[in-house]
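Some notes on the structure that comes next.
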Amino acid sequence: MKHYDNTDNFRKRTHTVRVTFQFEDYKGHIAYKMGGNCMGLDILNTFDPECTNQDDIDSFVENDCNFAFNEDMNLFSLTLSNDKGETVEFEEDEDSDINKKVVAIEIIDCKEDK
């Protein structure tokens, strides 16, 4: 992101937040939009797998790791890939195991709501 207007002027903004998962040299990403008048760390703290359902996942603007949640089995799944095109799949029954694979959370875009 080239410019981040984080002046506290009570304007509503829509942030795009990108989460990077990694295991060894395998990586994957999700990105989602977050609205409101929060900024900075308050926005970065919005990713919480325990509060994520399939409707949230369906609204991701990026999901190159096939991040999904099986509500019947209470399982998260994701597929990470490396530069060679090899993949590794995970099914996790606890959000803390998903959290251990998060290596970055960043704001990649911010637009003022009109």
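Numbering-wise, the sequence shown is residues -2 to 111 according to our numbering. The beta-carbon is built from N, C-alpha and C at its ideal position, and this holds for glycine as well.
Chain-order list of residues whose beta-carbon lies under 7 Å from that of residue i (same chain, five-residue window excluded)
i   : result
H0  : none
T43 : V14 and M31
V58 : T13, A28, Y29 and K30
Supposed contact pair residue j and residue i - C-beta distance, whole angstroms, cut 8 Å
i   : j   : result
H26 : D61 : 5 Å
Residues bridged to residue i (per DSSP)
i   : result
H12 : M31 and C107
L77 : V85
V99 : F18
H26 : T17
N67 : L72
E91 : DSSP lists no partner for E91.
E59 : A28
Under 8 Å between C-beta atoms of residue i and residue j
i    : j    : result
R15  : K108 : no
F18  : V99  : yes
I105 : A28  : yes
N3   : M31  : no
N71  : D53  : no
L41  : I95  : no
N50  : E21  : no
Sequence-distant residues of its chain with Cβ nearer than 8 Å to residue i (five each side left out)
i    : result
Y23  : L77, S78, N79, E83, T84 and V85
S56  : Y29 and K30
G33  : K9 and R10
D110 : R8, K9, R10, T11 and G32
Cut-off 6 Å between Cβ atoms - residues of its own chain near residue i, not counting five sequence neighbours on either side
i   : result
S74 : A65 and E88
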